[in-house]
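Everything on this sheet refers to the single structure shown next.
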Amino acid sequence: MVEQTQASTTGNSDYQAVGGAPAIASVVDLFYRNVLADPQLSGYFADSDLARLKRHQVQLVSQVMGGPVSYDGPALADAHKGRGITADDFGKVVVHLVAALEAHDVPEDITGRVVTALGATQDDIVSAN
3 MVEQTQASTT GNSDYQAVGG APAIASVVDL FYRNVLADPQ LSGYFADSDL ARLKRHQVQL
63 VSQVMGGPVS YDGPALADAH KGRGITADDF GKVVVHLVAA LEAHDVPEDI TGRVVTALGA
123 TQDDIVSAN
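Going by the numbering used here, the sequence shown opens with residue 3, and the numbers climb by one from there.
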């Protein structure tokens, strides 16, 4: 389960602070463009339904940022089971997510909360091998 981040210092949720659904969809789109262009990671997505993955990622990031959207995909351990994902692979995914957030001018404190929340899922993703 992915935990929700705390609200931003303005009293709005992080989701509202970054611009809501359109902003998060744009972040996720850039994130997947960068991940798919990364030779270390692209093979993991060769036979994937990219539209479905993007939809789930938007839900996940929205939920983490306190938005009105809940992740309804499979448990992260189940979704990543048997894929052979290493801690290094996971780290590269986080780097791409941070880059996408930064490219969208997401404040550093919000980026930090998102990374912390998603970082807590590493054991589900990496140990699901």
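C-beta: ideal position from N, C-alpha, C; glycine also.
Note that this is a predicted model, so its numbers are computed, not measured.
Inter-residue Cα distance where the pair is residue i and residue j
i, j, result
"leucine 99", "alanine 79", "19 Å"
"alanine 102", "leucine 32", "6 Å"
"histidine 82", "valine 128", "8 Å"
"alanine 48", "serine 72", "26 Å"
"glycine 75", "proline 41", "26 Å"
"glutamine 59", "leucine 52", "10 Å"
"proline 109", "aspartate 16", "9 Å"
"glutamine 61", "isoleucine 87", "22 Å"
"threonine 123", "alanine 77", "10 Å"
"tyrosine 34", "valine 63", "13 Å"
"glutamine 6", "glycine 121", "Here the model assigns glutamine 6 a pLDDT of 49, short of 50, so the residue's position is not dependable and the matter cannot be decided."
"arginine 115", "serine 50", "28 Å"
8 Å contact criterion, which residue i and residue j should meet: CB distance rounded
i, j, result
"alanine 119", "valine 66", "5 Å"
Of the residues the options, the one placed nearest residue i, counting alpha carbons only
i, options, result
"glutamine 18", "Gln42, Gly68 and Val116", "Gly68"
"valine 20", "Val95, Asp126, Asp111 and Gly121", "Asp111"
"arginine 85", "Arg54, Leu62, Gly45 and Lys56", "Gly45"
"alanine 25", "Ala105, Ser50 and Arg54", "Ala105"
"aspartate 125", "Gly114, Ala89, Ser50 and Gln61", "Ala89"
"leucine 55", "Val30, Ser64, Pro70 and Ala39", "Val30"
"serine 28", "Gly121, Arg115 and Asp107", "Asp107"
Contacting residues, own chain, Cβ-Cβ under 6 Å from residue i (five flanking each side not counted)
i, result
"asparagine 14", "none"
Contact set for residue i: own chain, Cβ-Cβ below 8 Å, skip 5 residues either direction
i, result
"valine 117", "Val96, Leu99 and Val100"
"glycine 22", "Gly69"
"threonine 113", "Val100, Leu103 and Glu104"
Contacting residues, own chain, Cβ-Cβ under 7 Å from residue i (five flanking each side not counted)
i, result
"leucine 43", "Val37, Asp91, Lys94 and Val95"
"arginine 57", "none"
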